[in-house]
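Take 102 as the starting number for the sequence shown in the numbering used here and just add one per residue.
Ideal placement from N, C-alpha and C gives every residue a C-beta, glycine not left out.
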Amino acid sequence: ITGRMAAIREERERSQPLRVATGGSTFKNPPGEKAWRLIDAAGCRGLRHGRAMVSEKHCNFLVNTGGATAAEIEELGEMVRARVEAHSGITLSWEIHRVGRAAAREEAA
């Protein structure tokens, strides 16, 4: 069991940005798709907005590179959603729970 746990941990370290500030997986996987693949195909890997960026390691993680505001993270996420929709016709849904004015406006719409 210990060996299997170590292998899983190594795979996560290799494939996910675990040692930087993120909110975890950002968007839900649409039916039959992987959000990270859609984000990558839309050219968003490494995309930056202020001090927020799409992870180079795993495109479905938004990274705070140091001092990013919640607005910068959310605006970057909306940029990603727009690019994915323009590229694939698929609208990504947020997986992370957002709070505040912008999230409330979206929920009311």
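{"query": "Per-residue burial, I140 [other beta carbons within 10 Å of its own, 16 or more giving buried]", "result": "buried"}
{"query": "Unbroken alpha helix (DSSP H) run spanning A142, endpoints", "result": "136 to 142"}
{"query": "Candidates E196, V200, I102: closest to G125 by CA position", "result": "E196"}
{"query": "Any non-hydrogen atom of the ligand NAP closer than 8 angstroms to R105 Cβ", "result": "You won't find the ligand NAP in this model; it holds no ligand whatsoever."}
{"query": "Buried versus exposed, by CB contacts within 10 Å (16 or more), E157", "result": "exposed"}
{"query": "Cβ neighbour criterion (16 or more within 10 Å) applied to E173", "result": "buried"}
{"query": "With 16 other Cβ atoms within 10 Å as the buried cut-off, status of T166", "result": "exposed"}
{"query": "Spatial neighbours of M154 in its chain, beta-carbon cut-off 8 angstroms, leaving aside the 5 residues before and after", "result": "G147, L148, L163, V164, T166, L177"}
{"query": "Whole-angstrom C-beta distance between S189 and F128, which should lie under 8 angstroms", "result": "Going by Cβ atoms, the distance from F128 to S189 rounds to 13 angstroms, so no, they are not a contact pair."}
{"query": "Test item: CB-CB of M106 and C145 under 9 angstroms", "result": "no"}
{"query": "Close beta carbons around N161, own chain, < 7 angstroms, minus the five adjacent residues each side", "result": "S126, T127, F128, A136, W137, I140"}
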